[in-house]
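First up is the structure itself, then whatever we jot down about it.
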């Protein structure tokens, strides 16, 4: 019987962000379950908080399950794995971080996110989508991937996304780097070749986790679920790319 695989999307997306990945997973090893995180998609009215997202995952998942999170979803996935390690059989972290551990850098990020949240709150859905897609981190997104991504961004209300940024941004997250040694389950860290910042973070994960594999997807950037769904699925399945 396939094992449940819980999939957590990134900031500003929805569970539909995994639409191109799920068919590539087959169905023999995993039964994918993609969730809308608080403030997003069908969970737009749920008050965003890390603890709330954590409890949502544990409420939906069976007693034992595999867990995969992209970007914001990866930050939440790490908190789930640390809170309930006996339930998570395997952890896949995609283009993500364990937080900002420098207090000054974290405070600066929090302040910048407050400003950005105020901007987003006043935008139309179309303006919000264009604003987020213009972030330098996403430079070089292929046109077909960008079209799928824009469609997903438009499923969200900018006012709710602003609330998510205030509550779940990297600037308000307690960093987890010093706790990663507690994780004993296998962990796969997946990053894009063009995503220099997160490739460096992947190297840091490599030094802190006892059972870790790092997968670098050639030619891809930060948006792996939309840019390289087949290659990402192979990494999730543990297959050669």
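In the working numbering, the protein residues as written are 25 to 265. Beta carbons: idealized from backbone N, C-alpha and C, even for Gly. This structure is a prediction, so every number in the text was calculated from the model and none was measured.
query: Between residue 244 and residue 218, how many whole angstroms is the CB-CB distance? I'm expecting something under 8 Å.; result: 6 Å
query: So residue 36 packs on residue 180, CB below 8 Å; how close in whole Å?; result: 6 Å
query: Can you tell me where the alpha helix (DSSP H) with residue 74 in it begins and where it stops?; result: 74 to 84
query: Distance check for residue 92 and residue 139, CA to CA, integer angstroms please.; result: 30 Å
query: Just confirm the distance between the C-beta atoms of residue 188 and residue 63, as a whole number of angstroms; I'd bet it's less than 8 Å.; result: 4 Å
query: Residue 226 lies in the alpha helix (DSSP H); which residues open and close that run?; result: 220 to 232
query: Suppose contacts are defined by Cβ-Cβ distances below 8 Å. Is residue 190 in contact with residue 126 by that definition?; result: no
query: Pull the bridge partners of residue 211 from the DSSP assignment, please.; result: 115, 236
query: Can you find the residues in the same chain that come closer than 8 Å, C-beta to C-beta, to residue 26, ignoring five residues on each side of it along the sequence?; result: 51, 52, 53, 54, 55
query: To the nearest angstrom, report how far apart residue 265 and residue 46 are at their CA atoms.; result: Because the pLDDT at residue 265 is just 49, under 50, the model does not fix this residue reliably, and the point stays unresolved.
query: What does a CB cutoff of less than 8 Å around residue 165 pick up in its chain, not counting 5 residues either side in sequence?; result: 157, 173, 245, 247, 250, 251
query: Indicate whether residue 297 and residue 101 have their beta-carbon atoms separated by less than 8 Å.; result: Given that the chain is displayed from residue 25 to residue 265, the structure contains no residue 297 and the question cannot be resolved.
query: Relative to the C-alpha of residue 58, which residue among 48, 74, 233, 41 is closest?; result: 41
query: Rounded to whole angstroms, what is the Cα-Cα separation between residue 122 and residue 214?; result: 14 Å
query: How far does the alpha helix (DSSP H) with residue 252 in it reach, from first residue to last?; result: Premise fails: residue 252 is in no alpha helix (DSSP H) and is neither H nor E.
query: Residues in the same chain with beta-carbon distance under 8 Å from residue 114, minus the five sequence neighbours each way, listed in chain order, please.; result: 90, 91, 209, 210, 211, 212
query: State the start and end residues of the unbroken alpha helix (DSSP H) segment that holds residue 97.; result: 96 to 107
query: Taking buried to mean at least 16 other C-beta atoms within 10 Å of its own C-beta, is residue 146 buried or exposed?; result: exposed
query: How big is the Cα-Cα spacing for residue 150 and residue 234?; result: 44 Å
query: Mind checking residue 242: buried by the 16 CB within 10 Å criterion, or exposed?; result: exposed
query: Tell me the DSSP secondary structure of residue 136 in three-state form.; result: helix
query: Taking only the alpha-carbon atoms, compute the straight-line gap between residue 253 and residue 134 and give it to the nearest angstrom.; result: 31 Å
query: Distance, Cα to Cα, residue 259 vs residue 238?; result: 9 Å
query: Name the two residues that bound the continuous beta strand (DSSP E) containing residue 29.; result: 27 to 32
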